[in-house]
Amino acid sequence: MMSPGNRHTRSAVVTGIGVVAPNGVGAETFWKSTVEGISALDGVSREGCEHLPLRVAGEVRGFEAESMVEQRFLVQTDRFSHFAMAAADLALADAGIGEGALGGTPYSVGVVTAAGSGGGEFGQRELQRLWGQGPTYVGPYQSIAWFYAASTGQISIRGGFKGPCGVVASDEAGGLDAIAHAAGAVRRGTDTIIVGAAEAPLAPYSIVCQLGYRELSTCEDPDRAYRPFTPQACGFVPGEGGAMLVVEDAETARRRGTAIRATVAGHAATFTGASRWEQSREGLARAIGGALEAAGCSPEEIDVVFADALGLPEADRAEALAITDALGAHGSRVPVTAPKTGTGRAYCGAPLLDTAAAVLALEHGLVPPTPHVQDVCHDLALVTGTARPAELRTALVLSRGLMGSNSALVLRRGADPS
Amino acid sequence: MTDQLTVDELAALMKKGAGITVDPNEMEQRPETPFEVYGLDSLGLLGIVGELENRYGRPLPPDADRCKTPREFLDLVNTSLMAGA
Chain E
949 MMSPGNRHTR SAVVTGIGVV APNGVGAETF WKSTVEGISA LDGVSREGCE HLPLRVAGEV
1009 RGFEAESMVE QRFLVQTDRF SHFAMAAADL ALADAGIGEG ALGGTPYSVG VVTAAGSGGG
1069 EFGQRELQRL WGQGPTYVGP YQSIAWFYAA STGQISIRGG FKGPCGVVAS DEAGGLDAIA
1129 HAAGAVRRGT DTIIVGAAEA PLAPYSIVCQ LGYRELSTCE DPDRAYRPFT PQACGFVPGE
1189 GGAMLVVEDA ETARRRGTAI RATVAGHAAT FTGASRWEQS REGLARAIGG ALEAAGCSPE
1249 EIDVVFADAL GLPEADRAEA LAITDALGAH GSRVPVTAPK TGTGRAYCGA PLLDTAAAVL
1309 ALEHGLVPPT PHVQDVCHDL ALVTGTARPA ELRTALVLSR GLMGSNSALV LRRGADPS
Chain X
17 MTDQLTVDEL AALMKKGAGI TVDPNEMEQR PETPFEVYGL DSLGLLGIVG ELENRYGRPL
77 PPDADRCKTP REFLDLVNTS LMAGA
């Protein structure tokens, strides 16, 4: 957790956003779809998955890995790393850091990713060879491709980034924890961290692993499958993809003459146990409180909340109560949104997409809507239908994981004046 | 398939196993150019060794995956194949 005492003069800011999402590849396309409330939820069409009881998901369809990543990196990695490598390139380009621009200072750039499940599709293919043909038919890249750390490693190798690298495996909310980890590394002295998460949980083996989650929505109708905060809430729809961000020291960004998009102001995380949604109320409220304290931010300063929006009635209730527990009366007035109802939850990638959307919302002064959601049955000012214009200075992003992690992140528009 | 590994076959294996496109003529002319220069890492070469062992139905020498250049690798593999023929 960040505390106001150790923020010194170094401040961690977001200067680049790279998105690979079901509703668009690239920050601009993603934002356009998000602000228009366009949903990408649809029937599951990935090979070998059509007969499984999961009927609706958010698939990344407009992504051509071959056009964005060299063949030799594609062959030795899973789809989740393909997304991450492409998103990292997009983020660096967005931050104005061109290829080779960091050639002289490779130790000043690190990589941090969060991962929830690793490379399931690659792993399934190799395990099928193991049992179908024998151990000598398993390719050696299996040893690294399935691994949670694969995306961090490959982004680092591919870009020659030799600064502090890490992987956060702390459940879905680990996506926010990774951003906090990156901000900490920047405050401790590293100039730039490429941070984020992308997941590819839509492959046969990976889907079968998820079928045991009682929170998973098996509804067949894309318009009804994921409707958090409504009386019809019947679980969540999984999605794939995610986002990578360039987080750097504010002074480094100023020296480069690049725009400071947002400041990573505060974060806190708690743990309340797997699927114990009622208990997540207290855990999430405490995470919010800790993040506000770290940011030196009062509840009334929060201008928009990006909700976790799990989509199970008891979990939605816990979140709505946590928001008012932590923000008081302001909690039922502040605009709350959950654009992930249009993309599905990409596990660790989900809070990254929310963070990307939050930075873009701060910049555009627009709170994006929550697709598919109409009649809200909780005491929350959930933005539905169309985007709502608002003066936005500070955003709160929330995330919870099925295994019990709760995280909150406070972002401020531009450079933090404090 | 001949009982000798050719440069063309090695180039095809590098493409299939490690995603690396190599011009076989170039590799033929400069067989001392290290695999590393083409971007083939140790796991990539290990995969090629495994593929050949499956294809020929017998093990290659234990240091096959430590060869640094196409010449070294082709010599080792072909000597081994001849000895076993």
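Order-wise, the sequence lines are chains E and X.
All residue numbers for the first sequence refer to the working numbering, where the first residue is 949 and numbers rise by one.
All residue numbers for the second sequence refer to the working numbering, where the first residue is 17 and numbers rise by one.
Glycine included, each C-beta is placed from N, C-alpha and C at the ideal position.
Note that the structure is predicted; figures quoted are calculated from it, not measured.
For residue i, which three-state DSSP category applies?
| i | result |
| --- | --- |
| E:C1157 | helix |
| E:I945 | Summary: the structure shown does not reach residue 945 of chain E, with chain E confined to residues 949 through 1366, and so no result is reported for it. |
| E:T977 | helix |
| X:L38 | According to the sequence displayed, residue 38 of chain X carries Val and not Leu. The answer is coil: DSSP assigns X:V38 none of H, G, I, E or B. |
| E:G1352 | coil |
| E:T1303 | helix |
| E:R1361 | strand |
| X:S96 | helix |
| E:S1165 | coil |
| E:E1339 | coil |
| X:L26 | helix |
| E:A1309 | helix |
| E:V1116 | strand |
| E:G1044 | coil |
| X:L68 | helix |
| E:G1071 | helix |
| E:E1147 | strand |
| E:A960 | strand |
| E:G1064 | coil |
| X:G55 | coil |
| X:G73 | coil |
| X:G63 | helix |
| E:G972 | strand |
| E:S1223 | coil |
| X:L21 | coil |
| E:W1079 | helix |
| E:R1136 | coil |
| X:P50 | coil |
Measuring only the C-alpha atoms, how far is residue i from residue j?
| i | j | result |
| --- | --- | --- |
| E:M949 | E:S1228 | Only weak support exists for where E:M949 lies, its pLDDT of 42 falling under 50; the coordinates are left without a value. |
| E:Q1024 | X:D81 | 17 Å |
| E:V1324 | E:V1116 | 34 Å |
| E:S1104 | E:R1281 | 43 Å |
| E:R958 | E:A1255 | 29 Å |
| E:K980 | E:A1309 | 11 Å |
| E:V983 | E:P1316 | 4 Å |
| E:C1113 | E:G964 | 18 Å |
| X:M98 | X:G35 | 29 Å |
| E:I1236 | E:L1357 | 8 Å |
| E:D1171 | E:L989 | 8 Å |
| E:E1188 | E:A1338 | 30 Å |
| E:L1022 | X:G63 | 15 Å |
| E:R1360 | E:A1063 | 25 Å |
| E:D1273 | E:R1265 | 12 Å |
| E:V973 | E:F1011 | 7 Å |
| E:A1207 | E:A1201 | 7 Å |
| E:Y1089 | E:G1071 | 10 Å |
| E:T1332 | E:H1320 | 8 Å |
Run through chain E and tell me which residues come within less than 7 Å of residue i, C-beta to C-beta.
| i | result |
| --- | --- |
| X:G100 | Per Cβ cutoff of 7 Å: no residues; X:G100 is ~17 Å from chain E at best. |
| X:L62 | P1088 |
What in chain X is Cβ-close to residue i, meaning under 8 Å?
| i | result |
| --- | --- |
| E:T1084 | G66, E69 and N70 |
| E:Y1096 | Near E:Y1096 there are no residues of chain X at all, since even the closest Cβ is about 18 Å away, more than 8 Å. |
| E:Q1024 | A34, G35, L59 and G60 |
By the criterion of Cβ-Cβ separation under 7 Å, what are the contact partners of residue i in chain X?
| i | result |
| --- | --- |
| E:R1020 | A34, G35, I36 and G55 |
| E:Q1102 | Near E:Q1102 there are no residues of chain X at all, since even the closest Cβ is about 12 Å away, more than 7 Å. |
Who does residue i pair with in a DSSP beta bridge?
| i | result |
| --- | --- |
| E:A1329 | E:P1283 |
| E:G966 | E:M1192 |
| E:G1058 | E:I1141 |
| E:A1130 | DSSP lists no partner for E:A1130. |
| E:S1347 | E:S1355 |
| E:V1321 | Bridge partners of E:V1321: none, in fact. |
| E:V1086 | None; E:V1086 has no bridge partner. |
| E:L1314 | E:P1337 |
| E:R1293 | E:P1186 |
Below 7 Å, is the gap between the Cβ of residue i and the nearest heavy atom of the ligand FMN?
| i | result |
| --- | --- |
| X:S58 | Of ligands this structure carries none, so the ligand FMN is not represented either. |
Check: At what residue ranges does the region 1170-1220 of chain E contain a whole run of the beta strand (DSSP E), taking only runs of 3 or more?
Finding: 1189-1197 and 1210-1219
Next item on the list: Counting only runs of 4+ residues fully inside the region 1235-1280 of chain E, write out the alpha helix (DSSP H) ranges in chain order.
Entry: 1261-1275
Notebook entry, point to check: What are the complete alpha helix (DSSP H) segments, minimum 4 residues, inside the region 983-1040 of chain E?
Noted result: 1013-1016 and 1019-1023
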